[in-house]
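Student: Provided herewith is a single structure, encoded as structure tokens, for subsequent inquiry.
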Amino acid sequence: MNLSQASAKLSEERIKQFESAPAWEGILVRGLSWRAAMQDRDAVQEAYGRLSSSANEALAAMILRFGAAPVEEERLLTELKEHTALSGAEARIGLGQLQEAGIVLVAAKLWGDRSCFIPADSFPVWQQALFPCAWSDSNAPVQPLMDASGQFVGVKEPFGRRLLYMLAALMKSETDFTSKGVLPKKTIQRLQNALGLEEELLKAFPWSVPRSENYPLPVGFGLAAAAAAGLLNRDEQGASADPEGLQSWFGISDNQRERALLLWACGYMVRASKENALIGAALTSASSELWLSANELADWGALLAERSGTAQDGGRNIRSTVERWLYLWHELGWIELAERYGPDNGMELVFRKREFQDGIDSQLIVQPTGELLAVPGSSFAMRWELELIAERAGSEEPVLYRLTASSVAAALEQGRSKDGIASFLRKASGEAGLPVQLLSMLEQWSGRACRYSFEQATLLRCDTAELAEEAMRLTGISPHLIERIGEKHFMVNPAAVSEIRGLLNKAGYPPRKGILQALEGAAAAYPHVPEPGMGAVSCWKEGRTRQSEAGEWLYEPQPLQHFALDLALPAYSVTLLPCMDQVPAAWWRQLRSYHASTRKELIQQAVAMETAVQLKLAGELRQFVPERIELRGAQWAVTGKLVDDKQPERSRLTPDMWEEMKLVLPSGLTL
């Protein structure tokens, strides 16, 4: 579940309670809401500094041991007690503080289980606040990367632009669902071709596509991204582009657009495994100015995995995870890849996050031959219209389009006009006039396009000529009868339509592509997207994602959106130490030497309250978390964990092993 989904389930009162938590002190003064603060690196860093040591350690352990995956609350508490220096009471208080601030949310399931999670799109920010990846740069020169065939691996078109291509392809295709409730095969193939994503790189992650027998993974991935961004409408009949969503999308910068898509994809990918969560979160903080080492990233990830106590394969799994992320992000156009000589004089993979040109009022280059060049920085509104009226001839910058007779015919059929196309070209190029040669071609193509069309008709068969004449005289029937073989109409064999269409195309008279039910009032399929203005609000910028609709194209991993969020404030501080008022103050105020029976009683009290004790062992003060008392006749011992600066150490102590002792109240507990 991401912040958008969570916010929809939370009451305004609960969100205000989050914002009033001590961890978020000052965010309202800075004009930040809880939701905005959860994704703001500075606000998160400040909040982390205000958390108690118990909350910090609980959050760190949750991130290291579970990554971005949700975890049952009782299991999390057990893991905190088992693998951290926290006592049971400290674990509960720390987790309660995280829930009080909305850093960790709780999904309450119908059967009583409670799942704790960090919102997926906030996880990378928190992970980097606790475990920042120390990126370093080298002066060693980089050289282009080559693939297995010896070809240079250049930069790829950014994913946002490929989504634009996909949506334009959808508008040029049949969008009604088949009887199986899916898009037609030809439409799906066109979407896959428009996206041009390498499926094997996507398959390196555990995506799950509904109706995968119909929708290839790249298509499901692309449609889900478009739906989440508010660019795609879907109903029982079919799917289509959303003009309002497109207008908002066109109104933001390329960097904002790609960043939003990156975080959306990352929200899925980090939940694939703990290793994916570590590497994905680190990559979101990568620099666009420095070439960074894939080996260093893998070494950092391996250290964190080792710190979590679950490292396997000597870090090899982390290294393969790093490569999977880098090659997929390169395919999606978000990073550049190269190689250089590393410290051991061997070649190593390096990467750099891409930045896109913003705020450039790029103009379309219009050639007399009908070739149109969209240079870097061209607006998405311009690129969208080019997709609808011309044929794209490549992906390298500047992107080449060609106006052709068939592209103009298709645009005219779907509601564009000759004057509208010419007006767009003049405005996009910034020129007062267009080349005469181009205007002449446009005039010729539009004069010949859509002059022929095919119309479906039902043949009324009459037994005799007399009955046919009678039908023409009947009131109400006559206007609906097509002329037998008149001046302008031809009855043709439906099986010959394709052949006739080809002959008309060859003769320079491209007919309408569809077979119309009625020529009058045919609806335009290409949506007119208004120019983005100052009032255009981006669905990404405001977080107006439609994740539930995205789930119709791509299953969300470990979904929690069907469960309610727990809206009650944590009551841990109230129920945590119910017997505290019966404990002698001397037991927790100062170290003292006690009689053997009192030592046992004090340890029993610590076990009951799940808190620690401080012991003087061989003249050294040590913190000990007692867990279980062992009785053997009159003798007794206690097992638990001795806490020091390193990992907690499992120990068994007898009462004669320490000189003095006292109860240790959990940090964060107020009496």
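Residue 378 in our numbering is what sits at position 378 of the sequence shown, and the numbering runs on without skipping anything. The beta-carbon is built from N, C-alpha and C at its ideal position, and this holds for glycine as well. Treat the numbers as computed from the prediction; the structure is a model and nothing was measured.
(1) Report the option in H562, L663, S288, Q647 whose CA atom is closest to the CA atom of A85.
(2) With DSSP as the reference, label L519 as helix, strand or coil.
(3) Identify whether L615 lies in helix, strand or coil by the three-state DSSP scheme.
(4) Does the distance from the C-beta atom of G160 to that of E258 stay below 8 Å?
(5) Extract the residue ranges of the beta strand (DSSP E) inside the region 55–114, only unbroken runs of 3 or more that lie entirely within it.
(6) Excluding the 5 residues preceding and the 5 following C450 in the sequence, name in chain order all residues of the same chain whose CB lies nearer than 8 Å to its CB.
(7) Measure from the alpha carbon of R346 to the alpha carbon of each residue in V142, W553, A58, then state which is nearest.
(8) Could you check what DSSP says for T369 in three-state terms: helix, strand or coil?
(9) Only counting runs of 3 or more residues, tell me where the beta strand (DSSP E) segments fall wholly within the region 574–658, in order along the chain.
(10) If you check the beta carbons only, do E660 and L591 fall under 8 Å apart?
(11) Classify K172 as helix, strand or coil using the three-state DSSP reduction.
(12) Does the Cβ of K180 have 16 or more other Cβ atoms within 10 Å, making it buried, or fewer, making it exposed?
(13) Quick check on H528: buried or exposed, where buried means 16 or more other Cβ atoms within 10 Å of its Cβ?
(14) Please state whether the Cβ-Cβ distance between W334 and R352 is less than 8 Å.
(15) Near Q582, which residues of its chain fall below 7 Å by C-beta distance, leaving aside the five closest residues on each side in sequence?
(16) Any chance the region 270–285 sits against the region 184–204, with 3 or more Cβ pairs inside 8 Å?
(17) Can you give the Cα-Cα distance for R211 and A204, rounded to whole angstroms?
(18) Pick out whichever of S122, A507, A68, L145 has its Cα sitting closest to the Cα of A36.
(19) Please list, in chain order, all residues of the same chain as R589 whose beta carbon is under 8 Å from its beta carbon, the five residues on each side excluded.
(20) Drop a sphere of 10 angstroms on the beta-carbon of Q635, count the other beta-carbons inside from all chains shown, and report buried for 16 or more, exposed for fewer.
(21) Quick one: Cα of S293 to Cα of E391, how far?
(22) Pairing CB atoms from the region 161–172 with CB atoms from the region 292–306, are three or more of them under 8 Å?
(23) Note the first and the last residue of the continuous beta strand (DSSP E) segment covering V350.
(24) Enumerate in chain order the residues of its own chain whose CB-to-CB distance from V643 is below 6 Å, with the five nearest sequence positions on each side excluded.
(25) Taking E12 as part of the alpha helix (DSSP H), name the residues at either end of that continuous run.
(26) Measuring CB to CB, does W264 end up less than 8 Å from D137?
(27) Taking Cβ to Cβ, would you say H83 is nearer than 8 Å to A58?
(28) Which word fits G719, buried or exposed, when buried means at least 16 other C-beta atoms lie within 10 angstroms of its C-beta?
(29) Okay, do the region 217–225 and the region 546–566 touch, 3+ Cβ pairs below 8 Å being the bar?
(30) What is the C-beta distance between A101 and F18, in whole angstroms, given that I count them as a contact (C-beta under 8 Å)?
(31) Looking at the strands, I want to know which residues DSSP matches up with P144.
(32) Between L202, S4, Y594, I63, which has its C-alpha nearest R324's C-alpha?
(33) Could you work out which residue in I603, V613, R448, W658 is closest to L631 when comparing CA atoms only?
(34) Our contact map puts L249 next to A224 with C-beta atoms below 8 Å; I'd like the distance itself, whole angstroms only.
(35) Using a Cβ-Cβ cut-off of 7 Å (strictly less than) and excluding sequence neighbours within five positions of E198, which residues of its own chain qualify?
(36) Rounded C-beta distance between M657 and L621? I'm assuming under 8 Å.
Tutor: The short version:
(1) Q647
(2) Annotation note: pLDDT 44 at L519 (below 50); position unreliable, no value reported.
(3) strand
(4) yes
(5) 105–108
(6) A409, L412, E413, P510, P511, R512
(7) Note that residue 346 corresponds to Gly in the displayed sequence, not to Arg. Comparing Cα positions, the closest option is V142.
(8) coil
(9) 612–617, 620–632, 635–643, 649–653
(10) yes
(11) coil
(12) exposed
(13) exposed
(14) no
(15) none
(16) no
(17) 19 Å
(18) S122
(19) K662
(20) exposed
(21) 40 Å
(22) no
(23) 347–353
(24) A85, Q623
(25) 12–19
(26) no
(27) no
(28) An answer regarding residue 719 cannot be provided, because it is not within the stretch 1 to 671 covered by the chain.
(29) yes
(30) 6 Å
(31) A338
(32) L202
(33) I603
(34) For the sequence presented, residue 249 should be read as Trp rather than Leu. Rounded, the Cβ-Cβ distance is 15 Å, inconsistent with contact.
(35) E331
(36) With a Cβ gap of about 14 Å, M657 and L621 do not count as contacting.
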